[in-house]
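Count along the sequence shown from 1, then add 17; that gives the number in our numbering. We put the CB at the ideal spot given by N, CA and C, even for glycine. Just below is one structure, and these are the notes that go with it.
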Amino acid sequence: MTDRSQVAVSRRSLQSLLEDDSRSILHIVLLLGLCGLLYFPYLGSTPFFDKGEPREALAVQDIVQRGEWLFPLKRATDVPSKPPLFHWSAALASKIMGRLDEVTIRFPSALYATLGVLLIYVFGRKLFGSQIALLGGGILATTLVYSNQALTARVDMTLCFFVTLSLVIFYSLYRGFLTGELPYYGFYTILGIGLLAKGPLGIVLPALVIGVFLALKKRWDLVFKSLFHPSVILTLLLGVGWYAIAITRGGEGFIDRQLLQENIERFSGGSGHSHPVHYYIPYLFSQGLPWSLFLPFLLWDFFKQNLLSDDDTLFLKLWFLVMFAFFSISVGKRPVYLLPLYPALSMLMAVWFYRHVAVSAGKTVLYRLVAIIAGSMSLLLLILSFGAMWNHDPGWFFSPIEGFLKPKDRANLILVKDSLATFGWSFTIVSLLSSALWFSLSQCLWIARLRSGVQRLILISILAAFVSRTMVMPVIAEAKSYRSFMEEVNQRVKPGDKLYLYGEFNSDSVVFYHGGAIETLDQSPEAIAGKIGPGNNYIIMAKRSWSKIQGDDRTLPAPVLSSTSTGPEGDAPLVVIQTGG
């Protein structure tokens, strides 16, 4: 090769490298923009209204108010159900932003979700190229369960990110993307940190996937190296070290709560969430929407191939299969537990879309069945839109459905139906636009142009998130949340007054919105009735408890405050009674 030819080749290589870098930067900007649209604007759109978020928020509150970083407690006395990594992250966000509220407590979930999307993009780019990686990141960002957990103040997204990061680092070491000893130290550091996200799962999930992969590849040398690498000590120092400190601080209460109830009993006995082995099959589809429309095709195409033919897809398949099997075997089950398998499933879905070329006659028929589903959605939204324009009531369509629902779901539907009227033309416009996108998607599926349909699905996901998070969930949340009620309570209870809790109801959000611990009274209804009257003490109780007290003495003064909100289960409106001692 002449010098001139060598220079030409070098120039082409440099140009190609620069184009790849600029393309990657553009893709990262696009994914950041997508996550920015889906997650961060909605962090404060709803108050805490379920059982889970206030429970975690109390541990964050303890860190911020008492400075108890190492072993935070709920209500300054109760051992939390999860390790503190999420709580540390939320407390740090609260300290930086200078406030403690729904936004700062949910912020870590949105941040870890965004980092997870970018991580999957970088990983996928190394394995399959930038176009597939971009699609994989987009699929993950818009998958229903992933998008929802990005807005939830729970530990699950934190666990998902660190499990994903540990698996990405391992496979990058296996493939030679990372070399030397330093990445091993990073890998075991991440495992140790992951242990603080949701307990042993932070190690068990990566270990199972890695172990099965290395066993299938018969790489016993890597098994030995992984088990006996000197950096294992980092995992022990970070994860096991904190547990040792927590046991000395929390004693039997910590062992029973976090180690026994939340791990061993949850896996072997269910601990209140017992379900059969097949429980997750429908949730795999429902939580994976809208992309699970193609899940049967993906599973059929990928798993009819030779499992060991391709290391890259093999690792992703095992990531998905091993986690699904593990959670299915566990007696205790909740739909959100499946979250850590969706990064792998999203990349497998992206690979499938891009490798999907030839279409058999049988598949064409199946795609057209999915196209009919998409077309039906388009028609439904069109009818909804024109009906709203005709009678000026966007909620008209839901009235016939009410009779088929359970009382709790019917109450939520009525709330949503009534609230839609306040959105007027904005709801109708979004419905029409969604109808057009579903119709366009059905056309793409009818002629088997799947990659063209991908863009429609992402836009549909953005619109669905907008409707859900601005029109639906805020209404349901306000009907259940005690935030407004506690704002009234805090205004009424002056410095020097005393506030108490009484009776059975979920009071975590009450304590959080009060801004500090509240003493619980353990007295008989007769004793409480004897104290009611003018004074500087106040008692919060469920309306049913008040009815029981009042039933014995109708002359008792009425409550000074009553809530319109009904609590997480929709069955516990609260009252405040005034007492003299």
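Since I believe residue j is in contact with residue i (beta carbons under 8 Å), could you give me their beta-carbon distance rounded to a whole number of angstroms?
i              : j                 : result
serine 448     : isoleucine 156    : So it is not a contact: roughly 25 Å between Cβ atoms.
leucine 117    : valine 81         : 5 Å
isoleucine 566 : proline 542       : 5 Å
tryptophan 336 : valine 226        : 5 Å
glycine 513    : asparagine 553    : 7 Å
serine 395     : phenylalanine 456 : 4 Å
leucine 399    : serine 452        : 5 Å
Evaluate residue i with the Cβ neighbour count: other Cβ atoms within 10 Å of its Cβ, from every protein chain shown; 16 or more gives buried, anything less gives exposed.
i                 : result
glutamine 540     : exposed
aspartate 525     : buried
valine 26         : In this predicted model, valine 26 has a pLDDT of only 43, less than 50, meaning its place in the structure is not dependable; the value taken from the coordinates is given anyway. Its Cβ having fewer than 16 others within 10 Å, valine 26 is exposed.
serine 30         : Here the model assigns serine 30 a pLDDT of 48, short of 50, so the residue's position is not dependable, and the following value carries that caveat. Exposed: under 16 other Cβ atoms inside 10 Å.
valine 46         : exposed
phenylalanine 529 : buried
histidine 44      : buried
glycine 256       : buried
glutamate 4       : There is no way to answer for residue 4, as the model of the chain reaches only from 18 to 598.
histidine 295     : exposed
glutamate 504     : exposed
valine 592        : buried
glutamate 70      : buried
valine 24         : Note that valine 24 scores 44 on pLDDT, short of 50, meaning its location in the model is unreliable; the coordinates nonetheless yield the value given after this. Looking at its Cβ environment, which holds fewer than 16 other Cβ atoms inside 10 Å, valine 24 is exposed.
leucine 35        : The pLDDT assigned to leucine 35 is 49, lower than 50, so where the model puts this residue is not dependable, and the model offers no usable value.
Please list the terminal residues of the continuous beta strand (DSSP E) segment that includes residue i.
i              : result
leucine 184    : Looking at the DSSP string, leucine 184 is not in any beta strand (DSSP E); the run it does join, the alpha helix (DSSP H), is 173 to 192.
isoleucine 113 : It is not in any beta strand (DSSP E) - isoleucine 113 instead sits in the alpha helix (DSSP H) that spans 102 to 114.
leucine 516    : 515 to 519
alanine 494    : Unbroken run through alanine 494 is the alpha helix (DSSP H), 490 to 497; no beta strand (DSSP E).
glycine 554    : First, the amino acid is wrong: residue 554 is asparagine here, not glycine. Here the beta strand (DSSP E) through asparagine 554 covers 549 to 559.
leucine 573    : Careful: leucine 573 lies outside any beta strand (DSSP E) and carries neither H nor E.
threonine 596  : 591 to 596
For residue i, which option in the options has the closest C-alpha, if you only look at C-alpha atoms?
i                 : options                        : result
lysine 334        : Ser303, Leu55, Leu306, Leu184  : Leu184
tyrosine 56       : Ala494, Phe88, Ser485, Pro512  : Ser485
isoleucine 42     : Thr196, Leu135, Pro574, Phe241 : Leu135
phenylalanine 178 : Pro360, Asn523, Arg466, Gly533 : Pro360
alanine 107       : Ser98, Glu119, Pro97           : Glu119
leucine 48        : Ile479, Trp563, Val510         : Ile479
valine 180        : Thr381, Gly219, Ala158         : Gly219
valine 510        : Ile535, Gln472, Tyr519, Met490 : Ile535
methionine 488    : Gln508, Ser451, Arg473, Ser443 : Ser443
alanine 544       : Gly597, Val577, Thr206, Lys235 : Gly597
proline 64        : Thr169, Gly258, Leu233         : Thr169
valine 339        : Lys380, Gly228, Leu316, Ser395 : Gly228
leucine 102       : Pro89, Lys234, Phe230, Met114  : Pro89
phenylalanine 370 : Asp328, Leu316, Gly520, Gly258 : Leu316
leucine 213       : Tyr202, Leu474, Thr252         : Thr252
alanine 263       : Gln508, Ile475, Pro97          : Pro97
threonine 131     : Ala167, Leu144, Leu152, Gln595 : Ala167
proline 313       : Asp329, Ser291, Gly53, Met366  : Met366
threonine 381     : Pro58, Leu331, Ile400, Arg466  : Arg466
alanine 546       : Ser562, Ile400, His531         : Ser562
alanine 628       : Tyr519, Phe344, Gly520, Arg40  : Because residue 628 is not part of the residues shown, which for the chain are 18 to 598, the question remains open.
glutamine 148     : Val368, Lys68, His373          : Val368
If you follow the alpha helix (DSSP H) that residue i is part of, which residue opens it and which one closes it?
i                 : result
glutamate 70      : 69 to 83
threonine 63      : First-last for threonine 63: undefined, no H or E at that position.
threonine 159     : 147 to 159
valine 368        : 359 to 372
glutamate 536     : Unbroken run through glutamate 536 is the beta strand (DSSP E), 536 to 538; no alpha helix (DSSP H).
asparagine 507    : 500 to 509
phenylalanine 343 : 328 to 346
leucine 199       : 199 to 215
threonine 169     : Counting along the chain, threonine 169 falls outside any alpha helix (DSSP H), and DSSP gives it neither H nor E.
aspartate 238     : 237 to 245
phenylalanine 314 : 312 to 320
phenylalanine 230 : 218 to 234
histidine 531     : 525 to 531
alanine 465       : Premise fails: alanine 465 is in no alpha helix (DSSP H) and is neither H nor E.
serine 291        : Careful: serine 291 lies outside any alpha helix (DSSP H) and carries neither H nor E.
threonine 252     : 249 to 252
serine 303        : 297 to 303
- Item | Validate contact between the region 245 to 257 and the region 350 to 365 using beta carbons, cut 8 Å, 3 pairs | The region 245 to 257, when compared against the region 350 to 365, does not touch it at the 8 Å Cβ threshold.
- Item | Cβ contact (3+ pairs, closer than 8 Å) linking the region 574 to 588 and the region 491 to 510 | When Cβ pairs closer than 8 Å are counted between the two stretches, the region 574 to 588 is seen to touch the region 491 to 510, the count reaching three or more.
- Message: So, does the region 160 to 176 touch the region 114 to 131, judging by three or more C-beta pairs under 8 Å?
- Response: Judged by Cβ distances under 8 Å, the region 160 to 176 makes contact with the region 114 to 131, as three or more pairs qualify.
- Message: Would the region 458 to 472 count as touching the region 382 to 392 if we require 3 or more Cβ pairs under 8 Å?
- Response: A contact exists between the region 458 to 472 and the region 382 to 392.
- How do the region 150 to 170 and the region 300 to 318 stand: do at least 3 beta-carbon pairs fall below 8 Å, yes or no? With the cut-off at 8 Å, the region 150 to 170 and the region 300 to 318 touch.
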